[in-house]
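Okay, structure first, notes after.
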Amino acid sequence: MKANETKIIQFLEQYKTQFVIPVYQRNYDWSIPQCEQLLNDILDIGNNDNITTHFIGGIVFIHDDLHTVATVRELTIIDGQQRLTTITLVYLAIYHLAKKLGIEETANEILNTYIVNQYVKQDEQKVKLKLTSDNDRALKYLIRGDRTEEFKKYSRVIDNFNYFEKNVNEDNYKVILKGLEKLIFVEISLERGKDDPQRIFESLNSTGLDLSQADLIRNYILMDLNLDEQQRVYQDYWLIIENLARDEVKNISKVSDFIRDYLTLIHKNIPNKSKVYEEFKNKYPDKVNLEEVLKTIKRFAKYYNKLINPKNEKDTDIRKDLEYINRLEINVAYPFLMQVYFDFEEAIIDKHTFIQILLVVQSFVWRRFIIGLSTNSLNKIFMNLYEKIDTNNYLFSLQKALLQKKGSQRFPNNKEVLDALKFKDVYNIKSKNRTYLLEKLEYYQNFEPVILDNKITIEHIFPQNPDPQWLKDLGKEEFDDIKNNYLHTLANLTLSGVNAQLKNKSFLEKRDLKDYGYKYSNLNLNKYLEDLDKWDKSEIKKRFNDLAKNFLKIWCYPDIDINDKETEEVNIFDADEPKGKKLEYAIFCDEKLQIKEVAKLYAEVFKKLFE
11 MKANETKIIQ FLEQYKTQFV IPVYQRNYDW SIPQCEQLLN DILDIGNNDN ITTHFIGGIV
71 FIHDDLHTVA TVRELTIIDG QQRLTTITLV YLAIYHLAKK LGIEETANEI LNTYIVNQYV
131 KQDEQKVKLK LTSDNDRALK YLIRGDRTEE FKKYSRVIDN FNYFEKNVNE DNYKVILKGL
191 EKLIFVEISL ERGKDDPQRI FESLNSTGLD LSQADLIRNY ILMDLNLDEQ QRVYQDYWLI
251 IENLARDEVK NISKVSDFIR DYLTLIHKNI PNKSKVYEEF KNKYPDKVNL EEVLKTIKRF
311 AKYYNKLINP KNEKDTDIRK DLEYINRLEI NVAYPFLMQV YFDFEEAIID KHTFIQILLV
371 VQSFVWRRFI IGLSTNSLNK IFMNLYEKID TNNYLFSLQK ALLQKKGSQR FPNNKEVLDA
431 LKFKDVYNIK SKNRTYLLEK LEYYQNFEPV ILDNKITIEH IFPQNPDPQW LKDLGKEEFD
491 DIKNNYLHTL ANLTLSGVNA QLKNKSFLEK RDLKDYGYKY SNLNLNKYLE DLDKWDKSEI
551 KKRFNDLAKN FLKIWCYPDI DINDKETEEV NIFDADEPKG KKLEYAIFCD EKLQIKEVAK
611 LYAEVFKKLF E
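Read the sequence shown against the numbering used here and you will find it ends at 621, with the numbers running on by one and no gaps.
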């Protein structure tokens, strides 16, 4: 390994050299804030004659000891691609500006010195910087400069080039070129076959963007393979996994989360988010069989893709409930639901059972939310849930397993839920939860549903800022009671597409307002209101009872008989207060301890820990 201080321009202008970003490298992830910071730094040093150099970190690469002048020298970049790519985009923006201004000499000098290998004819080695996959195509698209046809895939390369193209102009490009000449970095060169690039890769974090767990896992899988095998495994497995484990709405990678969920599913242990790579490495130390593992991971990535991107599920009935689970962010259930998806695809369960399972999961999580139970235990509940499934009696065994949960892990019953819901503030909760509640109630047994869009908003029947007529109609005591105790409750909320028109008006005005009132609404939730002559506490209670009936039908409590006296193994760290419970035995480090007193159990465990 050798380290030298080098100017970036000297590094880029190397003759017949290609800087190759290997497939095991992280993606190009710099966004506009990092680009803006770099450009500002370049402008500052370009304008300041007292500054002769500006340090930008390090670039680590692998090289072969021997190469001939007849071939293109390849340097495999294992750290520094974020800066190297971004600086290339700055030069590219100046190149296109110079062409636009008719300064051909400057344009050609930049192109042939920093962007392409002038005397190389092979297309694959012509561009000096070889990125991976779509980013490589994006860079070549930008070099060609033909913007008449839009680049079809999303790429940070395109985004960041557009930023530089907008901010590099005739007034500042010479200052930028001057600043670029002052950039220096530490060049760390590793010789292929002699140095250990994987150990170095794991320790690097010099770009200001942490190496993700997915970056480290990709590196672990691919780095030791020869180049042909790297490309094959990357194309056949890893690239597909990356594409599937991407949130298409937020346009962010979820590979680290997916691998964590996969490990949870397969090994029944939830890795710490910062230890997913370590867990993966520990579970799969033998790389000989890693391709078989990747085949399985790729298959489960298909199911994960539909959980995070429900629109990709073709069946409209299944998609509807996947969308609800996604909106509620029940991601703690993903390990369990991936296995259920697998069973559905294998025809172990049919479509009806699959949908019923999705409904049970929603009911379980939503009822717990309504009564205010902590979400902390959910991940462990779902981690072990599949072990309780009898594939010959799938739905029943799921319902039974959840109904057997006690204490803070319990499935809240109808009385608990209605007692909590009656006075619960369901307006000042997360908007996605509030919309979910009212949307499901609106759609229940509605055979001509209105499509709910951004124009439909939450309407308070008794307003948040009622006009004086409300006080006259109700009297002070009832007015205050409703405002203090019922304002944000379910019974006082509805949906409306004309909230601004109704707003603070009296109830009769809200009911009868031409074209806008409840009488004219197509929404199912407003049908109850169209014939009422008043809105007081008694009507609020009646409407609550009406909505409560539907609530219990939508978010059902399983109607099954279970033997509640059955014993259940419980992780002691998840267990509730043991008072009143009988200890039969304990399992510690895979050893069954026939101890029936909690105090003696703790003593035995501590004894074994210190042996």
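Note that CB positions come from ideal geometry on N, CA and C, so glycine has one too.
Residue from the options whose Cα sits closest to the Cα of residue i
{"i": "G67", "options": "L48, D74, F421 and P43", "result": "L48"}
{"i": "L431", "options": "F554, Q366 and I72", "result": "F554"}
{"i": "L317", "options": "V126, R337 and K308", "result": "R337"}
{"i": "D325", "options": "Y25, K176 and F364", "result": "F364"}
{"i": "V130", "options": "R147, K26 and Y101", "result": "K26"}
{"i": "R242", "options": "V508, T81 and V33", "result": "V33"}
{"i": "N50", "options": "L152, I72 and L193", "result": "L193"}
{"i": "A357", "options": "Q24, N402 and K610", "result": "N402"}
{"i": "T86", "options": "K140, D435, Y453 and K552", "result": "K140"}
{"i": "K150", "options": "I120, D546, R378 and V126", "result": "V126"}
{"i": "R377", "options": "A117, A108, L562 and V30", "result": "L562"}
{"i": "Y287", "options": "D296, L300, N279 and R270", "result": "R270"}
{"i": "I31", "options": "I88, L22, H73 and W545", "result": "I88"}
{"i": "N502", "options": "K544, G112, D525 and Y612", "result": "K544"}
{"i": "K434", "options": "A558, S41, E488 and Y124", "result": "A558"}
{"i": "K308", "options": "Y344, S531, N292 and N253", "result": "N253"}
{"i": "C566", "options": "L200, D156 and Y454", "result": "Y454"}
{"i": "F312", "options": "K552, I168, D571 and I250", "result": "It should be noted that the sequence gives Lys, not Phe, for residue 312. Of the candidates K552, I168, D571 and I250, the one whose C-alpha sits nearest the C-alpha of K312 is I250."}
{"i": "Q474", "options": "N464, I492 and A148", "result": "I492"}
{"i": "Y173", "options": "G507, T306 and S41", "result": "S41"}
{"i": "V298", "options": "L235, N534 and L413", "result": "L235"}
{"i": "N573", "options": "Y496, N279 and L413", "result": "L413"}
{"i": "L518", "options": "A510, P476 and G527", "result": "G527"}
{"i": "K184", "options": "G155, I550 and T116", "result": "T116"}
{"i": "D360", "options": "A343, E333, Y344 and L405", "result": "L405"}
{"i": "K330", "options": "E449, D429 and V608", "result": "E449"}
{"i": "E180", "options": "M348, A108 and K283", "result": "A108"}
{"i": "D144", "options": "Q128, E134, Y164 and E160", "result": "Y164"}
{"i": "R256", "options": "D246, L237 and N315", "result": "N315"}
Terminal residues of the alpha helix (DSSP H) in which residue i lies
{"i": "I55", "result": "I42 to N57"}
{"i": "E672", "result": "Within the shown structure, residues of the chain are numbered from 11 to 621, placing residue 672 beyond reach of any answer."}
{"i": "H277", "result": "V265 to H277"}
{"i": "I399", "result": "From DSSP, I399 is part of no alpha helix (DSSP H); its letter is neither H nor E."}
{"i": "K493", "result": "K486 to N495"}
{"i": "S418", "result": "First-last for S418: undefined, no H or E at that position."}
{"i": "S548", "result": "K547 to I564"}
{"i": "Y453", "result": "S441 to Y453"}
{"i": "F517", "result": "F517 to D522"}
{"i": "I318", "result": "L300 to I318"}
{"i": "E239", "result": "L237 to V243"}
{"i": "E356", "result": "Taken as a continuous stretch (DSSP letters only), E356 belongs to no alpha helix (DSSP H), as it is neither H nor E."}
{"i": "A224", "result": "Q223 to L232"}
{"i": "N166", "result": "Reading off the sequence, residue 166 comes out as Arg, not Asn. Per DSSP, R166 belongs to the alpha helix (DSSP H) from R166 to N177."}
Opposing strand residues paired with residue i [DSSP bridges]
{"i": "R83", "result": "T27"}
{"i": "L619", "result": "According to DSSP, which records beta bridges pairwise, L619 is partnered with nothing at all."}
{"i": "F3", "result": "With the chain covering 11 to 621 only, the question about residue 3 has no answer from this structure."}
{"i": "V370", "result": "Per DSSP, none; premise fails for V370."}
{"i": "K140", "result": "V30"}
{"i": "I194", "result": "K17 and F65"}
{"i": "R256", "result": "S263"}
{"i": "V608", "result": "Bridge partners of V608: none, in fact."}
{"i": "L603", "result": "A596"}
{"i": "V375", "result": "V375 is not bridged to any residue."}
{"i": "V126", "result": "V137"}
Below-8 Å beta-carbon distance, residue i vs any chain C residue
{"i": "P345", "result": "Judged by its chain identifiers, the structure shown contains no chain C, having just a single protein chain."}
Limits of the beta strand (DSSP E) - the one that residue i falls within
{"i": "F598", "result": "A596 to F598"}
{"i": "T326", "result": "From DSSP, T326 is part of no beta strand (DSSP E) but of the alpha helix (DSSP H) over T326 to R337."}
{"i": "H470", "result": "T467 to H470"}
{"i": "S506", "result": "L503 to S506"}
{"i": "T16", "result": "K12 to K17"}
8 Å contact criterion, which residue i and residue j should meet: CB distance rounded
{"i": "T504", "j": "E540", "result": "Not really, about 11 Å apart at Cβ, beyond 8 Å."}
{"i": "E426", "j": "I367", "result": "Contact flag wrong, Cβ pair sits at about 23 Å."}
{"i": "R166", "j": "Y38", "result": "5 Å"}
{"i": "R202", "j": "D74", "result": "5 Å"}
{"i": "Q28", "j": "E84", "result": "5 Å"}
Check: residue i C-beta below 7 Å from any heavy atom of the ligand ADP
{"i": "D246", "result": "With respect to small molecules bound, the structure shown includes none, and the ligand ADP cannot be examined in it."}
Sufficient close CB pairs (3 or more, under 8 Å) joining the stretch 380-393 to the stretch 274-287: yes
Segment contact flag, the stretch 220-234 with the stretch 254-267, C-beta cutoff 8 Å, min 3 pairs: Contact annotation: the stretch 220-234 touches the stretch 254-267, with at least three C-beta pairs closer than 8 Å.
Cβ contact (3+ pairs, closer than 8 Å) linking the stretch 92-107 and the stretch 230-240: no
Inter-stretch contact at 8 Å, needing at least 3 Cβ pairs: the stretch 16-31 / the stretch 177-194: yes
Any 3 or more C-beta pairs closer than 8 Å across the stretch 53-65 and the stretch 93-100: Touching, no.
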